[in-house]
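What follows is a set of notes on a single structure, which appears directly below.
Residue numbers (this note's numbering): 9 to 262.
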């Protein structure tokens, strides 16, 4: 197991323990957190507390670690829908690659027009099988494209890019509309399922919004991890709520 994988797994274990009633950290565990997040344990765990989440949803929480004005978005995302007609063309091809980010191992895939798939995986063979099941008519080749490289650069919070990230993703009109709202949520900030529904002028559609969020094909870049229940509850996350908490904590203090 490489060092970065071992590190994030240790952090995930600490987050799971954090939810226990009598939680304390050894000096070694505090050092692990500092190495991963470059922050104290108190600051890191405050970032995922229900109080902070509720305050954030109400627009009351300043970024305690902000020393200078930050842009609302670190990168622009352009979403284009991948149509059934495109997927059934005889020359439809998807390039895929594997990578490791601060939150786990990833499988990335792209068409000629943009990133179409980026998910966390536990096993490469199982991940690749799921990709082929998602795109059964595609010819798949293992190749790192510029879309993959660009996507991985998004895990550097110090990087601000004026270049748009191009996504070429399949989904219904409603799903794509929801995902387009998600990419408007600023780095380090949170929103709620109800807020997204309101933004779509469908205030009674919070539950369908949640379903669409759960079908997000491009993790992190479409930031479904930034969406919580209006009452401060974690809600769901396709790749595990522990990872969701790790992601919002890391973003808050970055």
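Just so you know, even glycine gets a beta-carbon here, dropped at the ideal spot from N, CA and C.
Count the other CB atoms, across all protein chains shown, that sit within 10 Å of the CB of residue 59; report buried if there are 16 or more and exposed otherwise.
By one-based count along the chain shown, residue 59 stands at place 51. Its Cβ having fewer than 16 others within 10 Å, residue 59 is exposed.
Requested in this report: Find the nearest neighbour of residue 237 within the set 204, 91 and 173, judged by alpha-carbon distance.
Outcome: Here the question's residue 237 lines up with position 229 in the chain shown. Relative to the Cα of residue 237, the nearest Cα in the group 204, 91 and 173 belongs to 204.
>> Let's test the definition: count the other Cβ atoms within 10 Å of the Cβ of residue 143 and tell me whether it reaches 16, buried, or not, exposed.
In response: Position 135 of the chain shown, counted from the start, is the residue given in the question as residue 143. When all chains shown are included, residue 143 counts as buried.
| request: Kindly list the residues whose CB is nearer than 6 Å to the CB of residue 243, restricted to its own chain and excluding five residues on each side of it in sequence; keep chain order. | output: In the chain shown, residue 243 corresponds to position 235, counting from 1. Excluding sequence neighbours, residue 243 sits near 236 and 237.
Sorted by chain position, which residues of the same chain lie with C-beta nearer than 6 Å to residue 225's C-beta, five sequence neighbours on each side aside?
The residue labelled residue 225 in the question sits at position 217 within the chain shown. Around residue 225, the same chain offers 125 and 177 as residues with beta carbons nearer than 6 Å, after the five sequence neighbours per side are excluded.
Measure the C-alpha to C-alpha separation of residue 165 and residue 43 and round it to an integer number of angstroms.
Translated into the one-based positions of the chain shown, residue 165 becomes position 157. Translated into the one-based positions of the chain shown, residue 43 becomes position 35. Each residue's alpha carbon lies about 16 Å from the other.
Going by DSSP in three states, residue 120 sits in which element: helix, strand or coil?
Taking the first residue of the chain shown as 1, we reach residue 120 at position 112. Residue state, collapsed to three classes: coil.
Quiz item: Hey, is the stretch 61-68 in contact with the stretch 87-104, meaning 3+ C-beta pairs nearer than 8 Å?
Solution: no
Please state whether the Cβ-Cβ distance between residue 250 and residue 23 is less than 8 Å.
Counting from one through the chain shown, the residue named residue 250 turns up at place 242. Counting from one through the chain shown, the residue named residue 23 turns up at place 15. Result yes, Cβ atoms of residue 250 and residue 23 sit closer than 8 Å.
Problem set entry | Extent of the continuous beta strand (DSSP E) to which residue 150 belongs | As a working note, residue 150 is residue 142 in the chain shown. Counting along the chain, the beta strand (DSSP E) containing residue 150 begins and ends at 147-150.
Inside the stretch 82-108 only - beta strand (DSSP E) runs reaching at least 3 residues: 85-89
Practice task
Might you give, ordered along the chain, the residues of its own chain that have their beta carbon closer than 8 Å to the beta carbon of residue 213, omitting 5 neighbours on each side?
Solution key: Stepping through the chain shown from its first residue, residue 213 is reached at position 205. These residues qualify, in order along the chain: 205.
Q) Does the Cβ-Cβ distance between residue 54 and residue 162 come in under 8 Å? A) Within the chain shown, numbered from 1, the residue matching residue 54 stands at position 46. Within the chain shown, numbered from 1, the residue matching residue 162 stands at position 154. Annotated as distal: residue 54 and residue 162, with beta-carbon spacing of 8 Å or more.
>> Using CA atoms only, rank isn't needed, just tell me which of 130, 14 and 104 is closest to residue 119.
In response: Start at 1 with the first residue of the chain shown, and residue 119 comes out as number 111. Taking only the C-alpha atoms, the option nearest residue 119 is 104.
DSSP three-state assignment for residue 69, whether helix, strand or coil
Locating residue 69 in the chain shown gives position 61, where the first residue counts as 1. Residue confidence is low: residue 69 scores 48 on pLDDT, short of 50, so the model does not pin down where it sits. No coordinate-derived value is stated.
Quiz prompt | Paired residues, beta bridge with residue 217 - DSSP | solution = Position 209 of the chain shown holds residue 217. Residue 217 pairs with nothing; no bridge assigned.
Return helix, strand or coil for residue 134, following the three-state DSSP convention. For the purposes of this step, residue 134 is taken as residue 126 along the chain shown, with counting starting at 1. Three-state result, residue 134: helix.
### Query
When DSSP labels each residue in this structure, what does residue 155 get in the three-state scheme?
Here residue 155 corresponds to residue number 147 of the chain shown, with the count starting at 1. Residue 155: helix per DSSP, three-state reduction.
Backbone CA spacing between residue 184 and residue 14 [nearest angstrom] = For this step, residue 184 is matched to residue 176 along the chain shown. For this step, residue 14 is matched to residue 6 along the chain shown. About 35 Å.
*Excluding the five sequence neighbours on either side, which residues of its own chain have a C-beta within less than 7 Å of the C-beta of residue 150, listed in chain order?*
Working through the chain shown from its first residue, we reach residue 150 at position 142. Within the same chain, residue 150 has close Cβ partners 104 and 105.
| Coil, strand or helix - residue 128 by DSSP | Numbered from 1 along the chain shown, position 120 holds the residue referred to as residue 128. Residue 128 falls in the strand class under three-state DSSP.
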